[in-house]
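Enquirer: Heads up, the sequence shown is in the UniProt record's numbering, so the first residue is 1 and it goes up one at a time. Here you go, one structure.
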Amino acid sequence: MNLSKYLSVSPEVQEALAANKPVVALESTIISHGMPYPQNVETALNVEKIIRENGAVPATIAIIQGKITVGCTPEQIEYLGKKGLAVTKASRRDLPVLLMRGEDGATTVTTTMIGAALAGIRVFATGGIGGVHRGAETTMDISADLEELAQTPVMVICAGAKSILDLGLTLEYLETHGVPVIGYGTEELPAFYTRSSGFKVDYRLDTPKEVADAFKVKLDCGLQGGMLVTNPIPEEYSMDPDYINKNIDEAIAECEKLGIHGKQTTPYLLDKIQKLTGGDSLKANIQLVFNNARLGAKIAKALCE
């Protein structure tokens, strides 16, 4: 199967993979849909810098002019950041048409995992994953991220699932699909802006080597799917659970009133929460992404060893 028509891997990433050097995949939805310009570009470039400082090669993934681009250049990151919401937020279902038309797309957790797997990258650091939305028992609104974790062999490091979701049902879904949920240094699922959620993870692991070893066993045994590593936001940036949950409830109520659903839901809620918290939630979001990038580089190094 010749993928060169649809896949473009940067020389730096190709060389690192060929030499068994650590590589960490990064998504691009956070650039185009996650925050305003120029903060989005600054954050993306800082995340790459953190990965390099911790001994790994960053590979920001996006769809650029109809190609899954693994290892975006600073110019391509700038292009995505400036184009912002005009870039399609691309999930698995969008790939065939975007690639056929030669269009741009910002990769979600799902499509970043696909791009990483096609290039041979095993570790991906992001902010938070999508999950089962509140009220999904009637709307069936379940993020494609969960299905991707069930079938694509990439480890995803995140700060848990956003508390705009139904965290209990999200964990149930992952359990049914055989996805191990690891707490890095914690037995409790972090809830993105906060370090705790009241829900337990499957296993607590305390070192990058333990996480890498567990993932290697999964790959060696041919067990389908990925692994979810949940890494709590650093203590000093964690938000008060009552305060953030009050703002989340307010944002969800408004979202329902306006009839917003599907892939518009998460960007709308995050933007609304940012406004309600006076920008504090965005600061927390940036710090937890930096924290996950550091851990991602350390786990990728351990996996190469």
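Yeah, the Cβ is synthetic: ideal placement off N, Cα and C, and Gly gets one too. All figures in this text were calculated on a predicted structure; none of them were measured in a lab.
(1) Are there any heavy atoms of the ligand PLP lying less than 7 Å away from the beta-carbon of I30, as far as the coordinates show?
(2) Given this structure, state the Cα-to-Cα distance separating T69 from T126, to the nearest angstrom.
(3) Do you know offhand how far K257's Cα is from Y268's?
(4) If we call anything under 8 Å between Cβ atoms a contact, is T152 one with G226?
(5) Return the CA-CA distance between L85 and Q39, expressed in angstroms with no decimal places.
(6) Report buried or exposed for T110, applying the criterion of at least 16 other Cβ atoms within 10 angstroms of its Cβ.
(7) Can you give me the Cβ contacts of L98 inside the same chain, cut-off strictly under 8 Å, excluding the 5 residues immediately before and after it?
(8) The alpha helix (DSSP H) spanning I286 covers which residue range?
(9) If the criterion is Cβ atoms closer than 8 Å, does the pair M239 and D202 meet it?
(10) Can you tell me whether E236 is buried or exposed, with buried defined as 16 or more other CB within 10 angstroms of its CB?
(11) DSSP three-state call for P241: helix, strand or coil?
(12) Scan the region 103–191 and note each continuous alpha helix (DSSP H) run of 4 residues or more that stays entirely inside, going in chain order.
(13) Does DSSP put I30 in a helix, in a strand, or in coil?
(14) Going by the DSSP bridge assignment, what does Y203 pair with across the sheet?
(15) Going by C-alpha distance, which of L288, N247, L95 and I77 is nearest I129?
(16) Just the C-alpha distance for V47 and I157, rounded to the nearest angstrom, thanks.
(17) For the beta strand (DSSP E) containing M35, list its first residue and its last residue.
(18) Drop a sphere of 10 angstroms on the beta-carbon of L95, count the other beta-carbons inside from all chains shown, and report buried for 16 or more, exposed for fewer.
(19) Tell me whether C72 is buried or exposed, calling it buried when 16 or more other Cβ atoms sit within 10 Å of its Cβ.
(20) Relative to the C-alpha of F199, which candidate in A16, V23, L189 and P208 has its C-alpha closest?
(21) According to DSSP, is V9 part of a helix, a strand, or is it coil?
(22) Looking at N292: is its Cβ nearer than 8 Å to the Cβ of A191?
(23) With a CB to CB cut of under 8 Å and the five nearest residues on each side skipped, what residues in its chain are close to G81?
(24) Measuring only the C-alpha atoms, how far is V211 from L171?
(25) Going by the beta-carbon positions, is the gap between A119 and V154 smaller than 8 Å?
(26) Taking Cβ positions, are L205 and I182 nearer each other than 8 Å?
(27) Going by DSSP, which residues form a beta bridge with T88?
(28) Would the beta-carbon of G131 fall within 8 Å of that of A161?
(29) On the DSSP letters alone, give me the boundaries of the beta strand (DSSP E) that L228 sits inside.
Expert: In terms of the structure at hand:
(1) In the structure shown, the ligand PLP is absent, as is every other ligand, since no ligand is present at all.
(2) 17 Å
(3) 13 Å
(4) yes
(5) 14 Å
(6) So T110 counts as buried.
(7) I63, G66, T88, A90, D104 and G105
(8) D280 to C304
(9) no
(10) exposed
(11) Looking at P241 - three-state DSSP - the assignment turns out to be helix.
(12) Those alpha helix (DSSP H) runs which fall completely within the region 103–191 and span 4+ residues are 109–119, 136–139, 144–151 and 167–176.
(13) Looking at I30 - three-state DSSP - the assignment turns out to be helix.
(14) Answer by DSSP bridge pairing, in chain order: I182.
(15) For I129, the closest of L288, N247, L95 and I77 by C-alpha to C-alpha distance is L288.
(16) If I take the Cα positions, the gap works out to 14 Å.
(17) Bounds of any beta strand (DSSP E) do not take in M35, whose DSSP letter is neither H nor E.
(18) buried
(19) Buried, since its Cβ has 16 or more Cβ neighbours within 10 Å.
(20) L189
(21) strand
(22) no
(23) Answer for G81: I31, S32, Y37, P38, N40, V41 and A44, listed in chain order.
(24) 19 Å
(25) no
(26) Contact check for L205 against I182 passes: the beta carbons are separated by less than 8 Å.
(27) G105
(28) yes
(29) M227 to T230
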